[in-house]
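A short worksheet on the structure shown next.
Residue numbers (my numbering): 16 to 250.
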């Protein structure tokens, strides 16, 4: 009987711990506001890049991925246009941006973790109901979202925009110094050398190569160039 009571006490203690852990998880979930948003990269057509890693670190340390397929495929819709799919759920707001990419024309690698202006982001999202982009979700009522677009300009420059239906705000501009790649930065199905990786991930046709050699946009400063979205708003 004593052994049975001891076992029951152990089970009761385990049950209490599970209830406590669940309560803490629910409390943490409810203490953070969540919003619908997307995040994607953009780059100028004359400065091809290949993104190896793009993430947003959220308020509680969770990770949200930044879309980069269009940039890596070379299908640029215009400087400052992203390509994210519609969001499927609300997320906490981001506090940092993680980016790793290679630049074809620089033949260089860039990597950094960039703090984001949290107060400015929260202020913008306080207007999401008025300024957000109306989005239809599968089998759900429509919602309003905002879009983060991370522009990878030439010479290691990064610009982050936050935009809605008819507004765009520049959150930050940041410059990253080039570095020699290490670890998985040159991984593409297998570990490659720097030169092998650059040849593998970039598919540049001969006609475009000639324009690059001729100096296409060599003096451009895309970090200071308005996005195509901003230009459209002014028309």
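Built from N, CA and C at the ideal position, the CB exists for glycine as well.
Closer than 6 Å by C-beta to residue 239: which residues in its own chain qualify, once you throw out the five before and the five after it? Chain order, please.
Here residue 239 refers to the residue found at position 224 of the chain shown. Taken in chain order, the list of residues that qualify is empty.
What residue does the alpha helix (DSSP H) around residue 145 start on, and which one ends it?
As a first step, residue 145 is located in the chain shown; it is residue number 130 there, counting from the start. It spans 143 to 146 - the alpha helix (DSSP H) in which residue 145 sits, taken as one unbroken run.
For the stretch 86 to 161, which segments carrying the beta strand (DSSP E) assignment without a break, of at least 3 residues, lie completely within its bounds, in sequence order?
Qualifying beta strand (DSSP E) stretches, in chain order: 109 to 118, 123 to 130 and 148 to 150.
So, residue 95 versus residue 166, is the Cβ gap smaller than 9 Å?
To locate residue 95, count along the chain shown from 1; it is residue 80. To locate residue 166, count along the chain shown from 1; it is residue 151. In contact: residue 95 and residue 166 (Cβ atoms closer than 9 Å).
Let me know the secondary structure DSSP gives residue 57 once reduced to three states.
On the chain shown, position 42 is the one that residue 57 refers to. It is a strand residue.
With residue 62 and residue 169 assumed to form a contact (beta carbons below 8 Å), what rounded beta-carbon distance in angstroms separates them?
Taking the chain shown and counting its residues from 1, one reaches residue 62 at position 47. Taking the chain shown and counting its residues from 1, one reaches residue 169 at position 154. Residue 62 to residue 169, Cβ: 5 Å. Contact.
Mind checking residue 46: buried by the 16 CB within 10 Å criterion, or exposed?
The residue you call residue 46 lines up with position 31 of the chain shown. Note that residue 46 scores a pLDDT of 48, beneath 50, so its modelled location is shaky; the value from the coordinates is reported in the next line. Under this definition residue 46 is an exposed residue.
Counting beta carbon pairs with one atom in the stretch 226 to 235 and one in the stretch 50 to 69, are three or more of them shorter than 8 Å?
As far as the Cβ criterion goes, the stretch 50 to 69 touches the stretch 226 to 235, which means the pair count is three or higher.
Taking buried to mean at least 16 other C-beta atoms within 10 Å of its own C-beta, is residue 104 buried or exposed?
Translated into the one-based positions of the chain shown, residue 104 becomes position 89. It counts as exposed.
Consider the C-beta atom of residue 112 and the heavy atoms of the ligand HEM; say whether any pair is separated by less than 8 Å.
Among the components of this structure there are no ligands whatsoever, and the ligand HEM is therefore not found.
Given 8 Å as the limit, is there contact between the stretch 142 to 149 and the stretch 107 to 118, that is, 3 or more CB pairs closer than that?
Short answer: they don't touch.
Return the chain-ordered list of same chain residues with a C-beta closer than 6 Å to the C-beta of residue 91, the five sequence neighbours on each side being excluded.
By one-based count along the chain shown, residue 91 stands at place 76. 60, listed in sequence order.
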